[in-house]
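Take a look at the structure set out below.
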Amino acid sequence: MSMILIDGKIVSNSILSRIKEETKSLKANRRIVPGLALLLVGDNPASKVYVNSKKKACEELGFYSVVEHLPNDISESKVLEYIDKWNNDDRIHGILVQLPLPKHINELKVTLKILPSKDVDGFHPENFGRLVIGLPGFRPCTPAGIVELLKYYNIDTSGKHVVVVGRSNIVGKPIANLLYQKAPYANAIVTICHTGGGDIRKYTQQADILIVAIGRPKFITSDFIKEGVVVIDVGINRVEDPKSSKGYKLVGDVDFDSVAPKSYAITPVPGGVGPMTIAMLMYNTFLSASGEIDYSSL
Ligand code: GUN
């Protein structure tokens, strides 16, 4: 049987067009326009690309958006002031601070300043805690996007062994916590491993579904996997490429060429998980605007 190429463009477009329709109804029936505030500090080229794409997605869906691009040497207190302003602005339903931030700004302090009910990235410890104990709340966008990809391609996770490589707060920890919940599209047996574990092949070779988010170009080669695995590659690494006009190309954490032939299904980079992150950010912002997440249970 031939390998399935998991197309994040198709899945994200289908989610985005649904949000676009529902946004029209929200405007017509309740006079609510979803609003997203985006904060970018400094000149990280990848971050600039991401923030631009997020702004474009807002425009495409008919969301209200504001973008603040602040210089690298901006003070932490100024960043906190912007967040405070947006916390108190009824037009803003979601606040996103693009990470990473410059070293002199404390990311946790910034994250804690965002009202949990506007934390559409799902990074606030309250939302993270809600995820862990199975309460409603904003789910981090990339992990939520991975679940949507698996759903779309009818890849059942129940009782399957999911091995997550990477323990970041943005991907590794939340995707593990999403997938072992006793819930539909979850209920997996989850192992988390990471690069501090020496040779991790003894774990990854047992995976039915392998999710990799470590930021190391082409780290996972064919000897890390068993035949018939589903591979979700979250890595987006810029590597030098003299043949490209930009001087670089994007590669994942998985060596696609050697791993794909052994896989049942695999995400490419780019065009796999990447587009899902933005779709789920828009989804979270829509949920926030429509008031569909109940924050009264705490
Ligand atoms: N940097 C890398 N991924 C993300 C993300 O999902 N959200 C934010 N805010 N910053 C990021």
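The C-terminal position of the sequence shown is numbered 1056 in the working numbering, with every residue numbered one higher than the one before it. Even for Gly, the Cβ is constructed at its ideal location relative to N, Cα and C. Just so you know, these numbers come straight off a predicted model, no measurement behind them.
> At which residues does the beta strand (DSSP E) containing Tyr822 begin and terminate?
Replying inline: Stepping through the sequence shown from its first residue, residue 822 is reached at position 64. First-last of the beta strand (DSSP E) with Tyr822: 822-828.
>> If the criterion is Cβ atoms closer than 8 Å, does the pair Val929 and Ala971 meet it?
In response: Numbered from its first residue, the sequence shown carries residue 929 at position 171. Numbered from its first residue, the sequence shown carries residue 971 at position 213. Against a cut-off of 8 Å, the Cβ pair of Ala971 and Val929 comes out as a contact.
>> Give me the pocket residues for ligand 1, defined as CB within less than 6 Å of any heavy atom, sorted by chain position.
In response: Leu854, Val855, Gln856, Leu857, Asp879, Cys899, Thr900, Ile928, Thr1035
> Does the stretch 762-773 come within contact of the stretch 805-812, defined as at least 3 CB pairs closer than 8 Å?
Replying inline: no
> Is DSSP giving Arg788 helix, strand or coil here?
Replying inline: Indexing the sequence shown from 1 puts residue 788 at position 30. Here Arg788 sits in helix by DSSP.
> Would DSSP call Glu780 helix, strand or coil?
Replying inline: One-based indexing of the sequence shown puts residue 780 at position 22. In the displayed model, Glu780 falls within a helix according to three-state DSSP.
>> Taking 8 Å as the limit between beta carbons, can you name the residues of its chain near Thr962, skipping five residues before and five after?
In response: Along the sequence shown, read from residue 1 onward, the residue named residue 962 stands at position 204. Excluding residues within five positions, the ones whose Cβ falls inside 8 Å are Val921, Val923, Cys951, Leu968, Ile978, Phe982, Ile983.
>> Please state the DSSP three-state secondary structure of Glu998.
In response: Stepping through the sequence shown from its first residue, residue 998 is reached at position 240. Glu998 sits in a strand when the DSSP states are folded into three classes.
> For Gly973, which of helix, strand or coil comes out of DSSP?
Replying inline: As a position in the sequence shown, residue 973 is number 215, starting the count at 1. Gly973: coil per DSSP, three-state reduction.
>> Here's a check: name, in chain order, each residue in its chain whose Cβ is nearer than 6 Å to the Cβ of Tyr943, leaving out the five neighbours to either side.
In response: Position 185 of the sequence shown, counted from the first residue, corresponds to residue 943. Counting only Cβ-Cβ distances below 6 Å, and skipping sequence neighbours, we find Val905, Lys909.
> Near Ser805, what residues of its chain come up, given a Cβ to Cβ distance below 7 Å and the 5 sequence neighbours on each side ignored?
Replying inline: In the sequence shown, residue 805 corresponds to position 47, counting from 1. Excluding sequence neighbours, Ser805 sits near Leu798, Gln856.
> Based on the DSSP output, what are the partners of Tyr1041 in its beta bridges?
Replying inline: In the sequence shown, the residue the question calls residue 1041 occupies position 283. None, per the DSSP bridge assignment.
>> Beta-carbon within less than 6 Å of Asn885's beta-carbon, same chain only, minus the 5 sequence neighbours each way: which residues are those?
In response: Within the sequence shown, residue 885 is the residue found at index 127, counting from 1. Excluding positions up to five away in sequence, the list reads Pro874, Asp877, Gly895, Phe896.
>> Following a CB-centred definition, is Glu1050 positioned closer than 7 Å to any heavy atom of ligand 2?
In response: The model on display carries ligand 1 but not ligand 2.
> Alpha carbon to alpha carbon, what distance is there between Ser1048 and Leu1039?
Replying inline: Here residue 1039 refers to the residue found at position 281 when the sequence shown is read from its first residue. Here residue 1048 refers to the residue found at position 290 when the sequence shown is read from its first residue. Spanning the two alpha carbons is a distance of roughly 14 Å.
> Measuring CB to CB, does Ile913 end up less than 8 Å from Val988?
Replying inline: Locating residue 913 in the sequence shown gives position 155, counting from the first residue. Locating residue 988 in the sequence shown gives position 230, counting from the first residue. Yes.
>> So, for Ser1064: in the same chain, excluding its five sequence neighbours on each side, which residues have a beta-carbon less than 6 Å away from its beta-carbon?
In response: One cannot answer for residue 1064 here, as it falls past the ends of the chain, which runs 759 to 1056.
>> Measuring only the C-alpha atoms, how far is Asp1015 from Gln964?
In response: As a working mapping, residue 1015 is identified with position 257 in the sequence shown. As a working mapping, residue 964 is identified with position 206 in the sequence shown. Rounded to the nearest angstrom, the two C-alpha atoms are 20 Å apart.
> Who are the Cβ neighbours of Ser926 in its own chain at under 7 Å, not counting the five residues just before and after it?
Replying inline: In the sequence shown, the residue the question calls residue 926 occupies position 168. Counting only Cβ-Cβ distances below 7 Å, and skipping sequence neighbours, we find Ala971.
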